[in-house]
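In this text, residue positions in the sequence shown follow the numbering used here: the first is 1, and each later residue adds one.
Glycine included, C-beta positions come from ideal geometry on N, C-alpha and C.
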Amino acid sequence: MFRTTVIPRFGDFDGLKHANNISIAIWFEQARTPIFRIFTPDLDLSYENWKLIMARTEYEYVGEMFLGPDVEIITYISRIGNSSFVVTQEAWQDDRKGAIGRSTIVHYDFINKTSVPLPDEIRKELEKHFKEEEQNK
Numbered sequence: 001m002f003r004t005t006v007i008p009r010f011g012d013f014d015g016l017k018h019a020n021n022i023s024i025a026i027w028f029e030q031a032r033t034p035i036f037r038i039f040t041p042d043l044d045l046s047y048e049n050w051k052l053i054m055a056r057t058e059y060e061y062v063g064e065m066f067l068g069p070d071v072e073i074i075t076y077i078s079r080i081g082n083s084s085f086v087v088t089q090e091a092w093q094d095d096r097k098g099a100i101g102r103s104t105i106v107h108y109d110f111i112n113k114t115s116v117p118l119p120d121e122i123r124k125e126l127e128k129h130f131k132e133e134e135q136n137k
């Protein structure tokens with residue numbers, strides 16, 4: 001599991017003083033960087049070296065977040081398949097959950113345009129950050 005602290009910017013909030021939906025997506029993207037480093041430690045974005053493609057993202061807004069307090073993003077792996085995995089993220093502010101994000105990411109060969117099975121060493125690293133997602137009640 002990874003923890004990332006985000007310092008919200010004034011522009012991350014709308015006229016109702018709530019965190020803008022797109023800002024939350026950007027916070028989650030920022031907090032996925034440690035996952036990306038498992039596959040590409042130097043984050044080389046060249047076509048030949050990047051190994052991941054985003055297949056799906058979804059966001060669930062479960063509470064309000066406001067300008068002021070920092071936001072903690074908790075990131076973990078909630079599913080590992082043959083060539084894909086799900087990253088689940090939670091945004092917390094003042095000990096209250098404000099949003100949940102899920103991203104399905106595929107291990108991908110951009111040159112041959114096909115998914116590729118996760119190598120054993122990568123799978124083991126992902127398993128270190130595995131946590132079953134708690135179901136909201």
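Does the structure place the region 54 to 62 close enough to the region 100 to 116 that three or more beta carbon pairs sit under 8 Å? yes
Are Gly63 and Lys97 close, meaning C-beta to C-beta below 7 Å? yes
7 Å Cβ cutoff met for Gln93 and Pro117: no
CB of Ile73 within 7 Å of CB of Ala91, strictly: yes
Is the region 75 to 83 touching the region 26 to 43 in the sense that three or more CB pairs, one from each, lie closer than 8 Å? yes
Taking the beta carbon of Phe28 as the centre, do at least 16 other beta carbons fall within 10 Å, making it buried, or is it exposed? buried
On the DSSP letters alone, give me the boundaries of the alpha helix (DSSP H) that Ala31 sits inside. 21 to 31
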